[in-house]
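To keep things clear, I will list the structure first and then write my remarks on it.
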Amino acid sequence: MTVGVCYFPEHWSRERWETDISQMAEAGIEYVRMGEFAWRRIEPERGTFDFAWLDETVELIGKSGMKAVLCTPTATPPKWLVDEHPDVRQREQDGTPREWGSRRFPCFNSPTYRSETERIVSVLTDRYADNPHVAGWQTDNEFGCHETVTCYCEDCGEAFSEWLADRYESVADLNDAWGTTFWSQQYDDFESIDPPKPTPAANHPSRVLAYERFSNDSVAGYNRLHAALIREANDEWFVTHNFMGGFSLDAFRLADDLDFLSWDSYPTGFVQDRQPDTPTVDELRAGNPDQVSMNHDLQRGAKGKPFWVMEQQPGDINWPPQSPQPADGAMRLWAHHAVAHGADAVVYFRWRRCRQGQEQYHAGLRRQDGSPDRGYREASTAADELFDLDSVDASVALVHDYESLWATRSQPLSPDWDYWNHLRTYYDALRARGVQVDIVSPEATLERYDAVVAPTLYLVADELSTALTDYVDSGGCLLLGARTGEKDPYNRLHESLAPGPLTALTGAQVARHETLPDHVETRLSYDGATYEFRTWASWLAPEVGVPRGEYRTGEAAGNTAIVRNAAGDGSVTYCGCWPGDDLADALVTELLDAAGVEYTERFPDGVRVMERDGYTWALNFTSDPVTLTVPDSTGFLLGESTVDAFDTAVLDGSIRGVGLASE
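For what it's worth, the numbering used here labels the leading residue of the sequence shown as 1, then goes sequentially.
Right, here's the structure in full:
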């Protein structure tokens, strides 16, 4: 386990570099990430390169006993390049170009930009191919940030037509698969199929989904170009990319070309713009542990190995609606939280607060005058406390499908429907019970998991139905959620009622559905108790499945909400609504009991326990101390049974028997 930092020597005078780097080493930092926005400094004019500053910085890092992580600088091409080739700019749906002057504006499908990318990446990687101080590379920076996965330029239009022609034998097959007879939308050839542009009414959902797939494939191909060039220069370097939390960019698509995944964690920012509820005061100071850890578990699960946090929040940040100071201890807590969930490195962004540009109000470990800020102390403490660990061993998988995310986004049927937050309802319930979770794609091999939760498999093909059926038949326990199997892979309703090809497995079909606003009373009974649900309700018609839950309010009253079906040596539970927190807890604990998966008592919001490699972390994201109960044989590597506000304790033992003392 290691701690790193992001550094921008190009922002500071040469006289400061040696001091900065020696202070990094004193703090216990082992990796220094650099260069992601430095193309203009490296190449001030075409064909003229200035490596002296970067050479010197890398050498200083190596002499201090640290390693450099370099980045391909393609997120911010210099103005001279854009002036030469304005066609490299992305375009909005209405054709407006995304202008130079910020970042993340180049088009992934621009032949010119791909050629320029190959040129600068080759020059950089060749320069450092034999440098012993460079450990690896980050490709580009935060693909998809600022809603830039999709572009609507002419290059993308041509590439989209070619992409479709590669996937359909004929345009007649495409018309049939999409159902373009609706509103007279048939195509005569692939060249006539444009990217979805602004229209008076909604675009055809099959076309929209196809363009999302194409756009994500385009990003994956662009990333593959970087990775191949890096490995060609030195196949011992690692290659990673820094994803962002809660984005719609398909991390699974990019994972094959990366050695491990990384992501950028900003807990107090995410809690303000990526969850439906108003943040509590504690969440404003430390974030929501489940919101953050779901991204940890996604990065780990997508590759099946430990990940890095490539940017960890170091203090106040500039981009969310409000900029609260994190709680004292939060920056250290976040490092332990990441490691508990499978991180092998936590890299703080950034070393010093910047004096210029768009991120002046983004903290660093040190202030702009070079003096240490709170983050410096906490990062140094974390560096002393972290230790090497094996990977997380999860017995439960949560299936996440980006394509279902994209498809439901085009037809949500309610402004309150949110794919991520529906997924989180089930994830939070598992984490409140101390369960280790791998977040995996629908193509993942499920046999190694005792239980599988698949909340929103909206698009279900026959192959996925077969895989889930085989899993249950062989003894697996499966929990399915609302909107399962409504559509086929082309974003059309199945000819049969939902859940389509999963009907035989679930033993039920959807007779009707409805969406309801939050002010409408929504209750159901399940296993002898009454629970709340929200937003979505499918009225299930059991065939061989056993009714387990029944709606009690509104037009749905008396209809089945939840069914359970035995199949082969396993079982499946199908919940037709978006459950409230208490119902989600009841559903997952029944699943865990059926699968024989151990779990803890239900921990309150903001307090979580997590096991990795035989050690257990107790993580307190609240402003109140909590007292643990632990087995007599369990000792503490760090902390004690009372875990202070925004603090952590590390137990030398498994999670079994860990709980909270009653007040």
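We put the CB at the ideal spot given by N, CA and C, even for glycine.
6 Å CB neighbourhood of residue i in its chain, flanking five on each side removed
i, result
"R89", "P97, R98, F105"
"D462", "P501"
"T180", "Q186"
"A327", "R285, A286, F646"
"E447", "none"
"G221", "none"
Sequence-distant residues of the same chain with beta carbon closer than 7 Å to residue i, five excluded per side
i, result
"D194", "G157"
"W319", "G269"
"L521", "The identity of residue 521 in the sequence shown is Glu, whereas the question assumes Leu. Contacts found: T553."
"R127", "F51"
"S192", "none"
"S161", "F190, E191, I193"
"P625", "T642, V643, D644, A645"
"T57", "P9, W17, M34"
Anticipated Cβ contact below 8 Å, residue i with residue j, distance rounded
i, j, result
"R353", "A363", "6 Å"
"V675", "Q436", "Lying outside 1 to 663, the shown extent of the chain, residue 675 is not represented and no answer is given."
"M66", "A25", "6 Å"
"V347", "H226", "Actually they do not touch by this definition, with Cβ atoms about 19 Å apart."
"T484", "L457", "5 Å"
"D285", "A330", "The residue asked about is misnamed: residue 285 is Arg in this sequence, not Asp. R285 to A330, Cβ: 6 Å. Contact."
"K303", "L261", "5 Å"
"A537", "H513", "7 Å"
"A379", "L365", "6 Å"
"G554", "Y526", "Rounded, the Cβ-Cβ distance is 17 Å, inconsistent with contact."
"D150", "Y211", "Just to set this straight, residue 150 is Thr in the shown sequence, not Asp. Contact flag correct, Cβ pair sits at about 7 Å."
Residues of its chain near residue i, where Cβ-Cβ distance is below 8 Å and the 5 sequence neighbours each way are ignored
i, result
"R409", "S248, Y419"
"A451", "S395, V396, A397, G476, C477, L478, L479, L591, L592, A594, A595, V597"
"R274", "G245, G246, Q291, W420"
"F387", "M1"
"Q509", "S496, L497, A498, P499, T503, L540, A541, E543"
"D390", "R612, D613"
Straight-line Cα distance separating residue j from residue i
i, j, result
"A228", "C6", "24 Å"
"P132", "K63", "11 Å"
"N620", "G659", "13 Å"
"L258", "D632", "43 Å"
"W163", "F214", "7 Å"
"T125", "M244", "25 Å"
"R552", "W417", "21 Å"
"P267", "V563", "37 Å"
"V339", "Y471", "31 Å"
"S371", "W351", "11 Å"
"A511", "L583", "22 Å"
"L254", "G301", "13 Å"
"T616", "E236", "33 Å"
"A444", "Y402", "13 Å"
"W263", "A557", "44 Å"
"G375", "V123", "35 Å"
"I317", "S323", "6 Å"
"L493", "L209", "14 Å"
"T560", "C145", "42 Å"
"L423", "L459", "15 Å"
"Q138", "V32", "12 Å"
"P279", "W17", "39 Å"
"I61", "A165", "50 Å"
"M34", "P604", "40 Å"
"L516", "N491", "23 Å"
"G606", "L587", "21 Å"
"D569", "M610", "30 Å"
"A343", "N295", "11 Å"
Bridge-paired residues (DSSP) for residue i
i, result
"R207", "DSSP lists no partner for R207."
"H513", "S538"
"K305", "According to DSSP, which records beta bridges pairwise, K305 is partnered with nothing at all."
"T648", "L619"
"P455", "BP columns for P455 are empty, so no partner."
"C97", "Going by the sequence as given, residue 97 is Pro instead of Cys. DSSP lists R91 as partners of P97."
"S265", "Q312"
"R253", "Paired residue(s): none; R253 is not in a bridge."
The ligand PLP heavy atom lying under 8 Å from the CB of residue i
i, result
"D401", "By its list of ligands, the structure shown contains no ligand whatsoever, and the ligand PLP lies outside what it can speak to."
Contiguous beta strand (DSSP E) assignments of at least 3 residues, all confined to the region 117 to 173 = 134 to 138
What alpha helix (DSSP H) runs, 4 residues minimum, are completely inside the region 387 to 442?
-> 402 to 410, 419 to 432
Within the region 338 to 395, ranges of the beta strand (DSSP E) (whole runs, at least 3 residues) = Listed in chain order, the complete beta strand (DSSP E) runs (minimum 3 residues) inside the region 338 to 395 are 343 to 348.
Quick one: complete beta strand (DSSP E) runs, 3+ long, within the region 62 to 95?
-> Listed in chain order, the complete beta strand (DSSP E) runs (minimum 3 residues) inside the region 62 to 95 are 67 to 71.
If you scan the region 529 to 581 from start to end, which runs of the beta strand (DSSP E) of 3 or more residues do you find wholly inside it?
-> 529 to 542, 546 to 551, 560 to 567, 570 to 575, 577 to 579
Any beta strand (DSSP E) of 3 or more consecutive residues that is wholly inside the region 467 to 498 | 477 to 480
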